[in-house]
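See below for the structure under consideration.
Residue numbers (this note's numbering), protein chains in the order written: chain U, 3 to 118; chain F, -16 to 96.
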């Protein structure tokens, strides 16, 4: 399965600023996803970022707040814009690849963001 | 994708088998059962998946009932490192534009020394 590197692993940011999170994959993958995990909660999908198409956002998430780039099959970025303390979460990227007939999903180790 | 129901928490003694149940009564014929776990502060880790038949790998066994409305993940000899939140997810194998993985609340498994 793919190996995912996320940067930064953690950051503390001032409110009103923006942070760009990078996700690097060691193999070419078409399907990539960004998740948010708020403290003590499960994972919530932010958007699907397939290469060659615009990112598809889930309900409650908008492009102006979470712009995503997907320039090639091994890399993506998620920006958290105009941050507030409510954006303090772990952000994870994930890729999907086929394991036999079914998709298998691999996750990065996440970016722990604290907004002060 | 069909919804799943899991107990919020479970304990298991170290060295014993941990049996984690999952109900998915609305599962459809083309939906797989996936299990992932998340150890504190790490990204979710794939454990196993299955469609109809029971499955086993180096980490665990997956037992799916004949009517496919429920399943059990079995960790045969639980260790302290198996303490984690375990997610049971049901979804179709693939489908253009429908590849996302949706997480429920999972079961917090604590292995007791």
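Ideal Cβ positions, reconstructed from N, Cα and C, are used throughout, including at glycine.
Cross-strand partners of residue i (DSSP beta bridge)
i: residue 32 of chain F; result: F:17
i: residue 9 of chain U; result: U:24
i: residue 38 of chain F; result: F:45
i: residue 54 of chain F; result: F:5 and F:47
i: residue 101 of chain U; result: U:104
Cβ-based burial, residue i [other Cβ within 10 Å; buried from 16]
i: residue 49 of chain F; result: exposed
i: residue 23 of chain F; result: exposed
i: residue -6 of chain F; result: exposed
i: residue 64 of chain U; result: exposed
i: residue 48 of chain U; result: buried
Coil, strand or helix - residue i by DSSP
i: residue -1 of chain F; result: coil
i: residue 69 of chain U; result: coil
i: residue 28 of chain U; result: coil
i: residue 4 of chain F; result: strand
i: residue -6 of chain F; result: strand
Option in the options with minimal Cα separation from residue i
i: residue 65 of chain F; options: F:-14, F:94 and F:15; result: F:94
i: residue 57 of chain U; options: F:90, F:83, F:-14 and F:-12; result: F:83
i: residue 115 of chain U; options: U:6, U:3 and U:22; result: U:22
i: residue 42 of chain U; options: U:67, U:48 and U:91; result: U:91
i: residue 67 of chain F; options: F:86, F:19 and F:45; result: F:19
i: residue 108 of chain U; options: U:81, U:87 and U:28; result: U:28
Count Cβ pairs between the region 6 to 13 of chain F and the region 21 to 30 of chain F that sit closer than 8 Å; are there 3 or more? no
contact_flag[the region 31 to 44 of chain U, the region 87 to 98 of chain U] where n(CB pairs < 8 Å) is 3 or more: Contact between the region 31 to 44 of chain U and the region 87 to 98 of chain U is present, with at least three C-beta pairs closer than 8 Å.
Three-pair Cβ contact test at 8 Å for the region 57 to 75 of chain U versus the region 56 to 63 of chain F: no
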